[in-house]
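Asks:
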Amino acid sequence: MEDNKMNETYDRMPMIGDPAPEFRAITTMGKVDFPADYKGSWVVLFSHPADFTPVCTTEFIGFSKMAEEFAELNTKLLGLSIDSLHSHLAWSRSIENIDLDGNGPVKVKFPIIADISMAVAKKYGMLQTVAKTQTIRAVFIIDPEGIIRTILYYPMSTGRNLPEIKRIILALQKHDEDNVSTPANWQPGDRVVMGAPLTLEDAEKRMALEDEDVKVYDWYLSMKKDK
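Quick note, in our numbering, the sequence shown goes up one by one and the last residue is 610.
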């Protein structure tokens, strides 16, 4: 009975707003105590089905090329699969010899968790295939306080949109800094969404608002220029 309860706990996917599940693991860049070692930084924790797979290889090359862009956003990358450390090391060395777009090969600039026991994958609900021997393409964006802020799941056949992951981090940081929301397809510099009024009086004031920096489309939808 106790084992069943433990499995149920591990198989439950953490929710947005939950503390990121804690774990200790070996990576290609040494031991990691998560999320304690990453406190103060944003983190993109992402899983892939297996080493030496073609779609994953393109993603790792893409993440490596964008590593400095993420670093500028105080964001660290952390990969995971249920392959061994030696497999990760061999795959990383192989990637460093691949010139995918004609601009030269890249080095994998982030650690990859070796999760042979599947302990981390289970804690994060990353095992959703029938055989449960491969992790799907999960992405967890975790804030500097260790709170999960975004969860993305991709099927094994579909590579991730890395610029979208960066855009989400920018949007979350904009929300935290200025207490605003971001509309569909928002990009830095675009107008942001103002909070909706909560009373009839405030709704009437919003409709009567005259401000060249604010567009009032209706009482509940207003957008203003970004700072």
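Yeah, the Cβ is synthetic: ideal placement off N, Cα and C, and Gly gets one too.
Assuming S430 and M509 form a contact by the criterion Cβ under 8 Å, report the distance between their Cβ atoms to the nearest whole angstrom.
Replies: Translated into the one-based positions of the sequence shown, residue 430 becomes position 47. Translated into the one-based positions of the sequence shown, residue 509 becomes position 126. Taking 8 Å as the upper bound for CB-CB distance, S430 and M509 are in contact here, some 5 Å apart.
Asks: Alpha carbon to alpha carbon, how far is K588 from R520? Give it in angstroms, no decimals.
Replies: As a first step, residue 520 must be located in the sequence shown, where it is residue number 137. As a first step, residue 588 must be located in the sequence shown, where it is residue number 205. Each residue's alpha carbon lies about 46 Å from the other.
Asks: So if DSSP puts I409 in a beta bridge, which residue, or which two residues, is it bridged to?
Replies: For the purposes of this step, residue 409 is identified with residue 26 of the sequence shown, where counting begins at 1. Its beta-bridge partners are K414, A497.
Asks: Could you give the distance in angstroms between the alpha-carbon of G529 and the alpha-carbon of F523?
Replies: As a working note, residue 529 is residue 146 in the sequence shown. As a working note, residue 523 is residue 140 in the sequence shown. Cα to Cα, the separation comes out at about 11 Å.
Asks: Note down, in chain order, each residue of its chain lying with its Cβ closer than 7 Å to the Cβ of T392, except the 5 sequence neighbours on either side.
Replies: Along the sequence shown, read from residue 1 onward, the residue named residue 392 stands at position 9. Reliability of the predicted coordinates at T392 is poor, the pLDDT of 40 falling under 50, and the value obtained from them is presented with this limitation in mind. Same-chain partners within the cutoff: there are none.
Asks: So, helix, strand or coil for A521, using DSSP?
Replies: Here residue 521 refers to the residue found at position 138 of the sequence shown. A521: strand per DSSP, three-state reduction.
Asks: How long is the line joining the alpha carbons of F453 and L583, rounded to whole angstroms?
Replies: Within the sequence shown, residue 453 is the residue found at index 70, counting from 1. Within the sequence shown, residue 583 is the residue found at index 200, counting from 1. The straight-line gap from Cα to Cα measures roughly 43 Å.
Asks: Take S447 and list the residues in its own chain whose beta-carbon comes closer than 8 Å to its own, dropping the five residues that flank it on each side.
Replies: As a first step, residue 447 is located in the sequence shown; it is residue number 64 there, counting from the start. These residues qualify, in order along the chain: I478, V489, K490, V491, K492, F493.
Asks: Apart from the five residues just before and just after D573, which ones in its own chain have a Cβ nearer than 7 Å to its Cβ?
Replies: In the sequence shown, the residue the question calls residue 573 occupies position 190. Counting only Cβ-Cβ distances below 7 Å, and skipping sequence neighbours, we find D609.
Asks: When the Cα of T441 is compared with those of S564, Q570, D482, L472, which residue comes out closest?
Replies: One-based indexing of the sequence shown puts residue 441 at position 58. Ranking the options by Cα distance to T441, first place goes to D482.
Asks: Should the region 411 to 418 be called in touch with the region 535 to 550, which here means at least 3 C-beta pairs below 8 Å?
Replies: Touching, no, given that fewer than three Cβ pairs across the two stretches are closer than 8 Å.
Asks: Going straight from the alpha carbon of V427 to that of K505, what length do you get?
Replies: Walking along the sequence shown from the start, residue 427 turns up at place 44. Walking along the sequence shown from the start, residue 505 turns up at place 122. So the alpha carbons of these two residues sit roughly 18 Å apart.
Asks: Using a Cβ-Cβ cutoff of less than 8 Å, which residues in the same chain neighbour P580 once the five nearest sequence positions on both sides are dropped?
Replies: Sequence index remark: in the sequence shown, residue 580 carries index 197 (1-based). Within the same chain, P580 has close Cβ partners A586, K588, R589, W602, Y603.
Asks: Drop a sphere of 10 angstroms on the beta-carbon of H471, count the other beta-carbons inside from all chains shown, and report buried for 16 or more, exposed for fewer.
Replies: Counted from its first residue, the sequence shown places residue 471 at position 88. The residue in question, H471, is buried, as its Cβ has 16 or more Cβ neighbours within 10 Å.
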